[in-house]
Amino acid sequence: MTIGFTLNGEGVIIQSDANARLVDILRGYFHLLGAKSGCLIGVCGACSVFLNGKDIVKSCLIPAFRVQGSAITTIEGFSQTPEYQDILKGFERAGVENCGYCDTGKILTVESILAKNRQPTRHEILLEFRGIRCRCTEPVRLVEGVLAAADLRQRRIYGRTA
Amino acid sequence: MKNRSLFVDDITPPGAYFAVTIRSPLAKGVLTDIELPAMPYAYTLIRAESIPGLNQLENFPGPILASRTLSYIGEPVALLLGPHEGKLREYAEQCRVMGTEEKPVFSNPEIIFGERKLEIAGEPGETEPAHDPKAKVLQGRYKTGIQEHWYTEPPGAAAVFSEGRMTVYTATQWPFHVKRSVSQVLRLSPDSVLVEPCGIGMHLDGKIWYPSLAACHAALGAFIIKKPVKLILTREEDFRYSPKRNAAAIEITSALGNQGEPVTTEIKVAADLGAQGVFADEILDRTCLGCLGAYRLGRIRLEGTAAQTNIPPQGPLSGFGLSQGFFALERQVSRIADTLRQDPAEWRKNHIRKGNGSLAIGVKLEEPPLEALIDAAAALGAYYRKWAAYELLRQHRRVSGWKVKDEPIRGIGIATAYQGSGFLYHGEDQGIYTVESSLETDGSLEIKSSMISVHDAYIRIWREMAAEILSIDGEKVRIHLGNTDTAPDSGPGSNSRNLGAITALVESSCRALQKQRLRQPLPIKVLQSSTPTLQAPWEGNVAVPLDGLLFDAQGLAQLGWGAAVVEVEIDLVDYTPQVRGIWLAVDGGRLLSEERARLTLTQSTIHALGWASREQLYYAEGKIPDSLLYAYDIPDSPDLPPIEIGFIRKDGTVPKGIGELPFSTIPAAYIQAVSQAMDHPFEKIPLGAREVWETGKLNQKDRKEKTV
Numbered sequence: 002m003t004i005g006f007t008l009n010g011e012g013v014i015i016q017s018d019a020n021a022r023l024v025d026i027l028r029g030y031f032h033l034l035g036a037k038s039g040c041l042i043g044v045c046g047a048c049s050v051f052l053n054g055k056d057i058v059k060s061c062l063i064p065a066f067r068v069q070g071s072a073i074t075t076i077e078g079f080s081q082t083p084e085y086q087d088i089l090k091g092f093e094r095a096g097v098e099n100c101g102y103c104d105t106g107k108i109l110t111v112e113s114i115l116a117k118n119r120q121p122t123r124h125e126i127l128l129e130f131r132g133i134r135c136r137c138t139e140p141v142r143l144v145e146g147v148l149a150a151a152d153l154r155q156r157r158i159y160g161r162t163a
Numbered sequence: 030m031k032n033r034s035l036f037v038d039d040i041t042p043p044g045a046y047f048a049v050t051i052r053s054p055l056a057k058g059v060l061t062d063i064e065l066p067a068m069p070y071a072y073t074l075i076r077a078e079s080i081p082g083l084n085q086l087e088n089f090p091g092p093i094l095a096s097r098t099l100s101y102i103g104e105p106v107a108l109l110l111g112p113h114e115g116k117l118r119e120y121a122e123q124c125r126v127m128g129t130e131e132k133p134v135f136s137n138p139e140i141i142f143g144e145r146k147l148e149i150a151g152e153p154g155e156t157e158p159a160h161d162p163k164a165k166v167l168q169g170r171y172k173t174g175i176q177e178h179w180y181t182e183p184p185g186a187a188a189v190f191s192e193g194r195m196t197v198y199t200a201t202q203w204p205f206h207v208k209r210s211v212s213q214v215l216r217l218s219p220d221s222v223l224v225e226p227c228g229i230g231m232h233l234d235g236k237i238w239y240p241s242l243a244a245c246h247a248a249l250g251a252f253i254i255k256k257p258v259k260l261i262l263t264r265e266e267d268f269r270y271s272p273k274r275n276a277a278a279i280e281i282t283s284a285l286g287n288q289g290e291p292v293t294t295e296i297k298v299a300a301d302l303g304a305q306g307v308f309a310d311e312i313l314d315r316t317c318l319g320c321l322g323a324y325r326l327g328r329i330r331l332e333g334t335a336a337q338t339n340i341p342p343q344g345p346l347s348g349f350g351l352s353q354g355f356f357a358l359e360r361q362v363s364r365i366a367d368t369l370r371q372d373p374a375e376w377r378k379n380h381i382r383k384g385n386g387s388l389a390i391g392v393k394l395e396e397p398p399l400e401a402l403i404d405a406a407a408a409l410g411a412y413y414r415k416w417a418a419y420e421l422l423r424q425h426r427r428v429s430g431w432k433v434k435d436e437p438i439r440g441i442g443i444a445t446a447y448q449g450s451g452f453l454y455h456g457e458d459q460g461i462y463t464v465e466s467s468l469e470t471d472g473s474l475e476i477k478s479s480m481i482s483v484h485d486a487y488i489r490i491w492r493e494m495a496a497e498i499l500s501i502d503g504e505k506v507r508i509h510l511g512n513t514d515t516a517p518d519s520g521p522g523s524n525s526r527n528l529g530a531i532t533a534l535v536e537s538s539c540r541a542l543q544k545q546r547l548r549q550p551l552p553i554k555v556l557q558s559s560t561p562t563l564q565a566p567w568e569g570n571v572a573v574p575l576d577g578l579l580f581d582a583q584g585l586a587q588l589g590w591g592a593a594v595v596e597v598e599i600d601l602v603d604y605t606p607q608v609r610g611i612w613l614a615v616d617g618g619r620l621l622s623e624e625r626a627r628l629t630l631t632q633s634t635i636h637a638l639g640w641a642s643r644e645q646l647y648y649a650e651g652k653i654p655d656s657l658l659y660a661y662d663i664p665d666s667p668d669l670p671p672i673e674i675g676f677i678r679k680d681g682t683v684p685k686g687i688g689e690l691p692f693s694t695i696p697a698a699y700i701q702a703v704s705q706a707m708d709h710p711f712e713k714i715p716l717g718a719r720e721v722w723e724t725g726k727l728n729q730k731d732r733k734e735k736t737v
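First to last, the sequence lines map onto chains A and B.
Take the first sequence: its position 14, counting from 1, is numbered 15 in the numbering used here, and each next residue is one higher.
Take the second sequence: its position 355, counting from 1, is numbered 384 in the numbering used here, and each next residue is one higher.
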């Protein structure tokens with residue numbers, strides 16, 4: 002089928018099997034390798050993308066036909082924004098170490114948290130990360146990284162912390 | 030966030046075909062045929078008969094493609110290759126593997142991969158065993174469960190064969206094993222094989238040998254069809270068929286003397302290594318060593334077997350067998366203390382081996398720090414006060430027939446362990462680590478090693494160390510890891526054990542360069558190798574192997590030590606043990622980076638807790654049940670307890686492996702804590718809420734019966 006959607010701010014039209022996984026389309030058709038085909042059952046979060054704004058979805062569970070007319074933002078698109086830089090710097094400040102495989106899921110999860118809540122609590126942050134199944138990141142630092150990113154964003158937008 | 034390596038799935042060589050593994054549906058049997066669906070000409074099936082060289086990985090048993098004998102469900106029997114991945118998987122699902130079924134073995138195995146028999150005399154001054162019918166005997170039957178690595182990226186490889194040279198991209202802890210295995214399978218000279226390592230993620234020692242299998246499959250495909258080939262297991266394939274931490278059953282029988290001291294200890298170890306016994310010797314050695322521990326156990330008699338069953342090959346996960354052994358021994362000594370109504374921490378302190386400062390197997394210890402570690406961990410977790418209080422409450426519950434109100438009950442446990450800094454491997458090239466450092470004419474330094482690091486931390490440490498020794502700018506230090514054309518063979522890498530060894534080589538090579546740079550012109554190249562050996566692993570003649578086989582103690586050089594305290598709280602409504610806190614005291618020798626050490630220990634603690642409490646995995650008739658793929662439960666962030674880590678000394682001369690210590694201490698401490706709370710000696714991990722609940726119901730039943 003012919004599917005039209007917005008990808009990282011640009012309109013695109015592709016020919017695809019209606020049931021093809023979005024992650025396969027992103028990786029195979031557009032060569033956007035940030036979303037990984039980690040588990041393909043929706044538990045690891047490595048394939049996360051934003052669907053229609055800041056709603057985080059697992060692209061391995063999204064069939065192509067569902068993308069018709071929607072707006073998809075991948076980590077490659079998000080990485081062009083100042084919000085991405087807040088998160089990256091926040092993680093660096095807190096010494097967050099990842100192996101790199103599910104960075105996409107973690108960074109987009111942070112953005113989805115901060116887009117809803119400028120000052121999340123530690124527990125709220127940890128609950129949101131339930132969507133990422135990963136053995137490599139130390140959770141306390143991850144939380145510190147999110148809090149640091151929140152702080153940096155406050156400073157960037159308002160010139161001060163809240 | 031600087032670690033942006035390419036993963037295997039990110040690499041698709043131009044014109045690449047894809048490969049899917051066709052697998053055995055039988056746990057045991059004989060392969061007779063493979064029926065294929067109607068497929069376009071471009072799709073090809075490759076079977077074992079097409080392998081030009083040896084149908085085997087280097088030094089490991091089992092074929093890379095089964096040709097006749099089938100030994101587990103999921104065993105690779107063929108490769109299906111084609112240009113379109115989606116279609117390929119459809120065709121692969123329609124392939125029918127035909128075979129004659131035989132009766133599989135899932136319990137009471139008869140085929141043994143390895144066997145250990147050992148008798149160790151008691152230390153001088155220990156009570157000699159005597160036949161005393163009144164001697165108190167305590168027997169524990171301990172079981173440790175299977176644990177899944179849950180890699181970030183499932184195993185896979187991409188291979189390109191061009192102009193007589195095979196290039197393999199894969200995520201492996203051991204690039205030179207991949208190189209030699211591919212060379213052996215394809216009958217190519219080792220120089221014709223290049224391995225380019227990809228991003229590996231948290232491997233937990235699960236990517237030591239299995240990536241070599243995927244690499245051989247991809248390389249075989251590329252060699253035969255003369256096109257690049259990419260093969261990546263799906264998560265489901267990985268979960269069902271890749272090796273896990275092996276299950277172990279360990280029986281320990283202690284006969285106690287008049288003062289409650291063990292006069293004889295009989296240990297029986299049974300490790301289930303699945304169908305192929307990869308690393309069977311190494312895992313069995315280490316499980317047995319863990320069971321011997323560092324306490325005075327009187328005369329010890331040990332029998333260990335690693336056996337074959339018809340489940341997928343089982344193998345290493347952090348601890349490499351040692352953690353299973355330590356779990357059993359640490360539970361046993363806690364139960365001895367319980368039986369004697371002594372504090373388990375005090376019992377341990379009073380029974381540390383002191384004769385010649387050696388372990389039961391004769392490994393010499395420079396300075397056993399166990400007593401200090403126990404006290405340090407106890408102080409961090411306020412163990413002594415809490416243990417006494419919880420013990421009093423336990424006695425009260427017991428006397429009152431469990432007339433407890435609805436308030437939660439608590440328990441606390443302690444355990445100790447050690448880990449070596451070398452890699453126990455019985456292969457010909459065992460334990461040879463090499464690093465090449467070159468000081469160039471422009472004053473820059475190049476360090477090469479085939480070691481793979483999960484994170485950037487070690488690279489940072491090496492860069493800073495080299496820059497300091499040679500008084501050069503850190504920017505001028507270039508580090509090349511992994512590529513088998515440029516880096517020397519540094520053996521199999523693991524996060525903690527031999528990264529420490531490689532770090533020592535980086536340091537010594539830089540010091541050698543520093544000495545030479547004043548005497549000879551640049552460039553200067555230094556190659557440093559080491560084989561961690563013990564000066565006299567059997568000194569003192571304390572251990573008598575009954576079958577003439579010695580344990581390979583090479584990997585026990587430079588022991589790192591740890592003690593862990595775990596406190597739990599159990600709500601008597603749902604009986605799920607909640608961990609209130611974990612406190613670790615560690616002697617890691619010289620700490621290269623305290624921050625890095627804390628991070629490693631914290632991560633290991635989380636995975637160890639998962640193994641002990643919730644990561645339930647099992648095979649039913651040779652197969653992991655479908656439901657477990659979704660239900661397998663690694664610890665979630667919100668559930669994690671506070672973790673506090675203390676180092677008892679940081680100024681040792683050598684860095685020591687410490688990353689496995691949580692796996693060897695926390696499970697036993699956790700189970701002891703739950704046992705104290707529930708007043709029941711639990712013997713297995715993982716221990717789920719259901720087992721605790723059943724015990725709670727038994728306690729209540731007891732209470733009712735007593736009331737009646």
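For glycine and all other residues, C-beta sits at the position ideal for the given N, C-alpha and C.
These numbers come from a predicted model, not from an experiment.
Secondary structure of residue i, DSSP reduced to three states
{"i": "M195 (chain B)", "result": "strand"}
{"i": "E9 (chain B)", "result": "Any answer about residue 9 (chain B) is impossible in this case: the structure gives chain B only from 30 up to 737."}
{"i": "E104 (chain B)", "result": "coil"}
{"i": "F676 (chain B)", "result": "strand"}
{"i": "A697 (chain B)", "result": "helix"}
{"i": "R131 (chain A)", "result": "helix"}
{"i": "A323 (chain B)", "result": "coil"}
{"i": "R546 (chain B)", "result": "coil"}
{"i": "A65 (chain A)", "result": "helix"}
{"i": "W612 (chain B)", "result": "strand"}
{"i": "D576 (chain B)", "result": "Only weak support is given to the placement of D576 (chain B): the predicted model assigns it a pLDDT of 49, under 50, and the value that follows is read from those uncertain coordinates. DSSP places D576 (chain B) in coil when its eight states are reduced to three."}
{"i": "V144 (chain A)", "result": "helix"}
{"i": "T629 (chain B)", "result": "helix"}
{"i": "F47 (chain B)", "result": "strand"}
{"i": "S96 (chain B)", "result": "coil"}
Chain-ordered chain A contacts of residue i [CB-CB under 8 angstroms]
{"i": "K486 (chain B)", "result": "A small correction: the amino acid at residue 486 (chain B) is Ala; Lys does not occupy that position in the sequence shown. Correct list: E98."}
{"i": "R264 (chain B)", "result": "G39, C40, L41, I42 and C45"}
Residues bridged to residue i (per DSSP)
{"i": "N445 (chain B)", "result": "One point to set straight first is that residue 445 (chain B) is Thr, not Asn, in the sequence displayed. Partner(s): B:A592."}
{"i": "A72 (chain A)", "result": "A:T7"}
Chain B contact residues for residue i, given Cβ-Cβ distances below 8 angstroms
{"i": "V44 (chain A)", "result": "Y659"}
Neighbouring residues, chain B, relative to residue i (Cβ below 7 angstroms)
{"i": "S38 (chain A)", "result": "D38"}
{"i": "P140 (chain A)", "result": "S666 and L669"}
Expected contact under 8 angstroms - CB spacing of residue i and residue j to nearest Å
{"i": "V594 (chain B)", "j": "A406 (chain B)", "result": "5 angstroms"}
{"i": "W612 (chain B)", "j": "L399 (chain B)", "result": "The Cβ separation is near 16 angstroms, so there is no contact."}
{"i": "G686 (chain B)", "j": "G529 (chain B)", "result": "5 angstroms"}
{"i": "P64 (chain A)", "j": "A116 (chain A)", "result": "Not confirmed; about 25 angstroms, so no contact."}
{"i": "V126 (chain B)", "j": "P183 (chain B)", "result": "That belief does not hold up - the Cβ atoms of V126 (chain B) and P183 (chain B) are roughly 21 angstroms apart, past 8 angstroms."}
Chain-ordered chain A contacts of residue i [CB-CB under 7 angstroms]
{"i": "S34 (chain B)", "result": "G101"}
{"i": "H113 (chain B)", "result": "Chain A residues near H113 (chain B): none, gap ~10 angstroms exceeds 7 angstroms."}
Amino acids of chain A, ordered along the chain, whose beta-carbon sits closer than 9 angstroms to that of residue i
{"i": "I663 (chain B)", "result": "R134, C135 and R136"}
{"i": "H636 (chain B)", "result": "R136"}
{"i": "E624 (chain B)", "result": "G96"}
{"i": "L628 (chain B)", "result": "G96, E98, E139 and R142"}
- Task: Kindly confirm or deny that the stretch 213-228 of chain B and the stretch 97-117 of chain B touch, where touching means at least three C-beta pairs closer than 8 angstroms.
- Result: No: fewer than three Cβ pairs fall under 8 angstroms.
- the stretch 193-211 of chain B in contact with the stretch 497-516 of chain B per 3-pair CB rule at 8 angstroms: Between the stretch 193-211 of chain B and the stretch 497-516 of chain B, the count of C-beta pairs closer than 8 angstroms reaches three or more; the two stretches touch.
- Item | Three CB pairs or more closer than 8 angstroms across the stretch 139-151 of chain B and the stretch 317-331 of chain B | Result yes; three or more Cβ-Cβ pairs closer than 8 angstroms.
- Item | Segment contact flag, the stretch 228-237 of chain B with the stretch 133-142 of chain B, C-beta cutoff 8 angstroms, min 3 pairs | Result no; under three Cβ-Cβ pairs closer than 8 angstroms.
- Query: Do the stretch 252-267 of chain B and the stretch 637-649 of chain B touch if we need at least three Cβ pairs shorter than 8 angstroms?
  - Reply: Too few Cβ pairs lie closer than 8 angstroms, so no.
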